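S.K.:
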Amino acid sequence: MKIREPFENYSTITRHLFKFMHPFMATVMESPLRRRFNDPVKTLKAARIRSGQEVLEVGCGTGFFTINATKLVGDEGCVHAIDLYPPAIEFVEEKVRDAHINNVKLTNADAMDSGLPSSSIDLVLLFGVIPAPVLPLHRLLPEMHRLLKPEGALAVWTAFTWWSPTSVTRSRLFTYTGKENGVHNFQKVSD
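Numbering (this note's numbering), first residue to last: 15 to 205.
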């Protein structure tokens with residue numbers, strides 16, 4: 015029996031949408047104009063990323079935040095960057111190789127079943143991935159809670175100004191700790 019890759023588990027429509035949108039999104043995501051309005055370092059610092067942390071970046075896409083996150087966690091930390099779409103991982107692998115970065119682990123994985131060990135992550139970054147129909151919060155948040163260490167935190171950045179942190183807090187798995195530079199920060203509720 016062939017083991018299916020995470021991306022193959024999604025509907026044909028969803029897979030075609032990803033394939034259609036990826037080249038367009040890569041151009042937009044890597045635009046110098048985007049960096050002017052959405053400085054990745056400033057956004058990561060608002061998520062309270064620190065040196066030495068184990069960070070999970072869900073939906074790394076083009077690696078817009080990934081490379082800077084690896085610099086902020088330093089040699090003692092590690093960024094676990096996952097994406098459902100295999101070409102996204104390949105794109106970021108090339109950027110990582112070109113930048114000679116060693117403290118990143120790239121994985122083609124479904125965030126709702128990451129395969130990472132429990133209580134292994136200090137900070138989860140959900141940047142630009144919610145709200146999205148392929149990441150239903152009622153399935154995503156329990157997995158993020160499982161992965162986070164007892165003092166772990168979750169950071170959400172979304173381009174949608176109408177997005178409300180109550181969509182996370184109603185799970186009762188996280189408490190809201192505030193918003194800084196467009197980043198909503200949450201603390202894991204102890205088991």
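Note that the Cβ used here is the ideal one computed from N, Cα and C, for glycine as well.
These numbers were taken from a predicted model, which means no experiment stands behind them.
Quick check: the stretch 54-63 against the stretch 121-140, are at least 3 beta-carbon pairs closer than 8 Å?
M.R.: Touching, per the Cβ criterion.
S.K.: If you drop the 5 nearest sequence neighbours on each side, which residues of the same chain put their C-beta closer than 7 Å to that of arginine 186?
M.R.: So the qualifying residues of the chain are Val203.
S.K.: For the stretch 114-123 against the stretch 141-155, are there 3 or more C-beta pairs whose distance is under 8 Å?
M.R.: Contact between the stretch 114-123 and the stretch 141-155 is absent, because fewer than three Cβ pairs lie under 8 Å.
S.K.: Taking contact to mean at least 3 C-beta pairs separated by less than 8 Å, is the stretch 95-114 in contact with the stretch 164-184?
M.R.: Flag = no, the stretch 95-114 and the stretch 164-184 do not touch.
S.K.: Would DSSP call threonine 172 helix, strand or coil?
M.R.: Looking at threonine 172 - three-state DSSP - the assignment turns out to be coil, as it is neither helix nor strand.
S.K.: Quick check: threonine 57 and glycine 196, are their CB atoms within less than 8 Å of each other?
M.R.: Yes, they are a contact pair.
S.K.: Please state the DSSP three-state secondary structure of histidine 30.
M.R.: Below a pLDDT of 50, predicted positions are generally treated as unreliable, and histidine 30, at 49, falls in that range; the measurement from the model is reported next regardless. Histidine 30: helix per DSSP, three-state reduction.
S.K.: Which same chain residues end up closer than 7 Å to serine 128 when comparing Cβ atoms and leaving out the 5 residues on each side of it in sequence?
M.R.: Excluding residues within five positions, the ones whose Cβ falls inside 7 Å are Ile96, Glu157 and Leu161.
S.K.: Secondary structure at asparagine 116, three-state DSSP: helix, strand or coil?
M.R.: Coil, per DSSP.
S.K.: Which residues does DSSP list as the beta-bridge partners of threonine 189?
M.R.: According to DSSP, threonine 189 bridges with Gln201.
S.K.: Check threonine 180 in the structure and name its three-state DSSP category.
M.R.: Three-state DSSP puts threonine 180 in a helix.
S.K.: Given a cut-off of 8 Å on the beta-carbon distance, is the pair glutamate 252 and phenylalanine 79 in contact?
M.R.: Because the chain spans 15 through 205 in this model, residue 252 falls outside it and cannot be assessed.
S.K.: Short of 8 Å in beta carbon distance, which residues of its chain neighbour threonine 175, apart from the five on each side in sequence? Order them along the chain.
M.R.: So no residue of the chain qualifies.
S.K.: Nearest-angstrom Cα distance between arginine 18 and glycine 77?
M.R.: With a pLDDT of only 40 at arginine 18, under 50, the local geometry of the prediction cannot be trusted, and the value read off the model is given with reservation. Each residue's Cα considered, the two are about 25 Å apart.
S.K.: What number of angstroms, rounded off, separates the C-alpha of leucine 86 from the C-alpha of lysine 109?
M.R.: Approximately 17 Å between the Cα atoms of the pair.
S.K.: Check whether the Cβ atoms of alanine 125 and glycine 75 lie closer than 8 Å to each other.
M.R.: Contact: no.
S.K.: Determine whether the beta carbon atoms of leucine 151 and valine 182 lie at a separation below 8 Å.
M.R.: For leucine 151 and valine 182, yes; Cβs fall inside 8 Å.
S.K.: Suppose contacts are defined by Cβ-Cβ distances below 8 Å. Is valine 93 in contact with valine 55 by that definition?
M.R.: Contact flag unset, no.
S.K.: Could you check if threonine 189 is buried or exposed, using at least 16 other CB atoms within 10 Å of its CB as the buried criterion?
M.R.: With fewer than 16 other Cβ atoms within 10 Å, it is exposed.
S.K.: So within the stretch 66-95, which uninterrupted alpha helix (DSSP H) runs reach at least 4 residues, ignoring any that extend past its ends?
M.R.: Listed in chain order, the complete alpha helix (DSSP H) runs (minimum 4 residues) inside the stretch 66-95 are 80-87.
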